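Taking it in order: structure first as C-alpha cells, then the write-up.
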Amino acid sequence: MITNVEIAEMLAREAEHAKQPLQRALRRAARRAFLWPDEVFDLYQKGESLTQLSGIGPYLNGVILRWLSKDPEIAEPDELRQDFLTLAAAHAIRQKQRTVFEAVNGDLQMHTTWSDGSASIQEMAEAAAVRGYSYIAITDHAKGLKIAGGIDENQLARQSEEIAEVNRAMRDRGLHVLRSVELNLSPDGQGDMDEKSLGRLDLVLGCFHSALRRKEDQTERYMAALRNPSIHILGHPRGRIYNFRLGLKADWQKIFALAAQLDKAVEVDCYPDRQDLNVDLLRLAKQEGCWISIGTDSHGPSQLAFMDLGIAAISLAGIKPERILNFLSLHQLQNWARRRRTRAA
Numbered sequence: 342m343i344t345n346v347e348i349a350e351m352l353a354r355e356a357e358h359a360k361q362p363l364q365r366a367l368r369r370a371a372r373r374a375f376l377w378p379d380e381v382f383d384l385y386q387k388g389e390s391l392t393q394l395s396g397i398g399p400y401l402n403g404v405i406l407r408w409l410s411k412d413p414e415i416a417e418p419d420e421l422r423q424d425f426l427t428l429a430a431a432h433a434i435r436q437k438q439r440t441v442f443e444a445v446n447g448d449l450q451m452h453t454t455w456s457d458g459s460a461s462i463q464e465m466a467e468a469a470a471v472r473g474y475s476y477i478a479i480t481d482h483a484k485g486l487k488i489a490g491g492i493d494e495n496q497l498a499r500q501s502e503e504i505a506e507v508n509r510a511m512r513d514r515g516l517h518v519l520r521s522v523e524l525n526l527s528p529d530g531q532g533d534m535d536e537k538s539l540g541r542l543d544l545v546l547g548c549f550h551s552a553l554r555r556k557e558d559q560t561e562r563y564m565a566a567l568r569n570p571s572i573h574i575l576g577h578p579r580g581r582i583y584n585f586r587l588g589l590k591a592d593w594q595k596i597f598a599l600a601a602q603l604d605k606a607v608e609v610d611c612y613p614d615r616q617d618l619n620v621d622l623l624r625l626a627k628q629e630g631c632w633i634s635i636g637t638d639s640h641g642p643s644q645l646a647f648m649d650l651g652i653a654a655i656s657l658a659g660i661k662p663e664r665i666l667n668f669l670s671l672h673q674l675q676n677w678a679r680r681r682r683t684r685a686a
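When you line the sequence shown up against my numbering, it's residues 342 to 686, in that order.
Right, dumping it as C-alpha cells:
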C-alpha cells in the first residue's frame with residue numbers, strides 16, 4: 342500500500358521539475374497530504390475521487406491516479422522531508438491506543454489574535470473545552486518576533502487580565518487558561534522580555550527563531566537556553582520546517598541529559614510542517630529521562646486537532662504518559678512549574 346507520506350514525496354519531487362503555476366500546486370498538495378484524514382490508497386481502492394482531499398483538483402487527481410495504477414517505485418524522502426507523520430497514520434495509531442489519546446488533559450502551545458493567531462482567547466478556550474481539556478496555555482509570540490505580531494510587557498499584562506476574565510467564564514466548563522508566552526530566544530539563549538514580567542506567568546516556552554540555518558554544531562545555544570532561569574519548556578527545538586529548512590544540528594543526548602538534570606521539558610510541536618521533536622529524537626529524549634511537553638502551535642480552533650500528531654509521535658517513541666506534562670492534572674502541572682521556578686531562583 343502506498344501511504345500518504347509517499348504520495349507527499351512524489352508530489353514534492355514532481356514539483357522540483359514543474360513550472361509555475363503547477364509547481365506551486367504540487368508543493369501545496371505535498372504539504373496538505375499530511376492533513377488528509379484518509380489514506381489515498383483506500384480512496385483509490387473504493388473508486389472515490391481524490392478531489393475531496395485538500396489541495397487536489399481534477400488535474401492532480403489524474404496525476405495521482407496514474408501513479409497508483411502503475412504501482413510506482415517509491416523513493417526515499419529527501420532529507421528536508423524525512424520523518425513526518427500524517428494525520429491518517431496518526432488516526433490509525435489512535436484506533437489501537439485510544440485510551441492514551443483520550444487521556445490528554447491539555448495543549449501547551451497556541452496563538453491568538455494577540456499575536457499571529459486568528460481567534461480570541463475565549464474562542465480557543467471554548468474549542469479546547471469541546472475536546473474535554475482541563476487546561477490550555479496561551480503562548481503568543483514575544484516582542485522580539487515582530488513579523489509574527491509579538492507582544493511587549495504591557496500587552497502581556499493586559500492579556501493576563503483578559504485570561505482572568507476567560508477563566509471566570511470557563512469555570513463551569515472545567516477549563517483553565519494558563520498565562521504563558523512563546524519567548525523569543527537569541528542564539529546565546531537570552532529571552533526578549535523582562536524577567537519580572539515572565540515571573541508572573543504560569544509557564545514560559547522558549548524558542549529560537551533566528552540563525553536557524555547554521556551548519557556548525559549548536560549544542561551550546563541549547564544548553565544556554567535550558568539554563569535560562571525563566572524557561573520551563575524548550576519549544577520546537579530543532580527548528581525544522583517541512584521541505585524548507587532542515588533545522589539545527591546538536592549533541593541531542595547531551596541536551597536532553599541537561600533538561601533531565603534541570604527537570605525541564607522539551608517540546609513536541611505538533612504543527613504538521615514542524616513535528617519537532619520527531620520520533621527518533623523523542624526516543625533519545627526518553628532514554629535521557631527528560632520531561633516532554635506537547636503543543637499544537639495552533640493559530641485557530643480547528644488546528645487543535647494537530648494534537649493527534651504529537652500523541653502518535655510519543656506513542657511510537659514509547660514515552661510513558663507520566664513523563665509528559667500534558668497528562669498531568671492542572672494542579673500537578675502548576676506545582677511542577679512552581680518547582681522549576683523555585684529551583685532556578
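The beta carbon of each residue, even a glycine, is placed where N, CA and C say it ideally should be.
The model shown is predicted, which means the values in this text are computed figures rather than measured ones.
Count the other CB atoms within 10 Å of the CB of residue 400; is the residue buried (16 or more) or exposed (fewer)? exposed
Backbone CA spacing between residue 575 and residue 384 [nearest angstrom]: Residue 575 and residue 384: Cα-Cα distance of roughly 39 Å.
Own chain partners of residue 372 with C-beta closer than 8 Å, once the 5 adjacent residues on each side are dropped: 349, 396, 583, 584, 613, 614
The beta strand (DSSP E) spanning residue 549 covers which residue range? In the DSSP assignment, residue 549 falls within the unbroken beta strand (DSSP E) covering 546 to 549.
Residue 349 lies in the alpha helix (DSSP H); which residues open and close that run? Residues 345 to 356.
Burial state of residue 551, where buried means 16 or more other Cβ atoms lie within 10 Å: exposed
I'd like the ranges of any alpha helix (DSSP H) spanning at least 4 consecutive residues and lying wholly in the region 409 to 453. 428 to 437, 439 to 443
To test your reading of the DSSP string, which unbroken beta strand (DSSP E) runs of 3 or more residues are found completely within the region 583 to 626? Complete beta strand (DSSP E) runs here, min 3: 606 to 610.
Hey, how far is the Cα of residue 435 from the Cα of residue 660? Take the alpha-carbon of residue 435 and the one of residue 660: they are about 15 Å apart.
Rounded to whole angstroms, what's the CA-CA distance from residue 685 to residue 538? Just pull it up for me. 16 Å
Nearest to residue 485 (by Cα), restricted to the options 543, 465, 500, 524: Ranking 543, 465, 500, 524 by Cα distance to residue 485 puts 524 first.
Would you decide whether residue 616 is buried or exposed? Buried here means 16 or more other CB atoms lie within 10 Å of its CB. buried
Excluding sequence positions up to five away, which residues of its chain have a Cβ less than 7 Å from the Cβ of residue 514? 470
Return the CA-CA distance between residue 549 and residue 343, expressed in angstroms with no decimal places. 36 Å
Please list, in chain order, all residues of the same chain as residue 624 whose beta carbon is under 6 Å from its beta carbon, the five residues on each side excluded. Here the set comprises 658.
Between the CA atoms of residue 543 and residue 675 - distance to the nearest angstrom: 7 Å
Starting from the C-beta of residue 453, find all residues in its chain whose C-beta is less than 7 Å away, skip the five residues before and the five after it, and write them out in chain order. Closer than 7 Å at the Cβ level, and outside the excluded window around residue 453, lie 460, 461, 462, 465, 479, 481.
For residue 477, which residues does DSSP report across the bridge? 448, 518
Helix, strand or coil: how does DSSP classify residue 536 here? helix
Give every residue of the same chain whose Cβ lies closer than 7 Å to the Cβ of residue 376, excluding the five residues on either side of it in the sequence, and list them in chain order. The beta carbon of residue 376 lies closer than 7 Å to those of 395, 428, 613 in the same chain, with the five residues before and after it left out.
Could you check which residue in 568, 593, 586 has the C-alpha nearest to that of residue 558? 593
Sorted by chain position, which residues of the same chain lie with C-beta nearer than 6 Å to residue 622's C-beta, five sequence neighbours on each side aside? Closer than 6 Å at Cβ, skipping near neighbours: 593.
I'd like to check one pair, residue 603 with residue 609: are the Cβ atoms closer than 8 Å? Their beta carbons are not under 8 Å apart, which means residue 609 does not touch residue 603 by this criterion.
Let's test the definition: count the other Cβ atoms within 10 Å of the Cβ of residue 388 and tell me whether it reaches 16, buried, or not, exposed. exposed
Looking only at its chain, what residues have a beta carbon closer than 6 Å to the beta carbon of residue 468, apart from the 5 residues adjacent to it on each side? 642, 645
Range covered by the beta strand (DSSP E) that runs through residue 523: 523 to 526
Nearest residue (CA-CA) to residue 711, options 649, 663, 683, 611: Not covered by the structure: residue 711. The range shown for the chain is 342 to 686.
Alpha carbon to alpha carbon, how far is residue 367 from residue 357? Give it in angstroms, no decimals. 9 Å
Rounded straight-line distance, which links the Cα of residue 581 to that of residue 526: Residue 526 and residue 581: Cα-Cα distance of roughly 16 Å.
Could you give the distance in angstroms between the alpha-carbon of residue 600 and the alpha-carbon of residue 683? 16 Å
DSSP three-state call for residue 377: helix, strand or coil? Coil at residue 377, not helix or strand.
Taking all protein chains shown into account, decide if residue 573 is buried (16 or more other Cβ within 10 angstroms of its Cβ) or exposed. Taking every protein chain shown into account, the CB of residue 573 has 16 or more other CB atoms within 10 angstroms, so this residue is buried.
Along the beta strand (DSSP E) that carries residue 651, what are the first and last residues, could you check? Segment 648 to 658 is the alpha helix (DSSP H) holding residue 651; no beta strand (DSSP E) there.
I'd like the span of the alpha helix (DSSP H) that includes residue 639, first residue to last. Looking at the DSSP string, residue 639 is not in any alpha helix (DSSP H), and its letter there is neither H nor E.
Can you name, in chain order, every residue of its own chain whose Cβ lies under 6 Å from the Cβ of residue 493, other than the five neighbours on each side? 484
Can you say whether residue 667 is buried or exposed, counting buried as having 16 or more other CB atoms within 10 angstroms of its CB? Buried, because 16 or more other Cβ atoms sit within 10 Å of the Cβ of residue 667.
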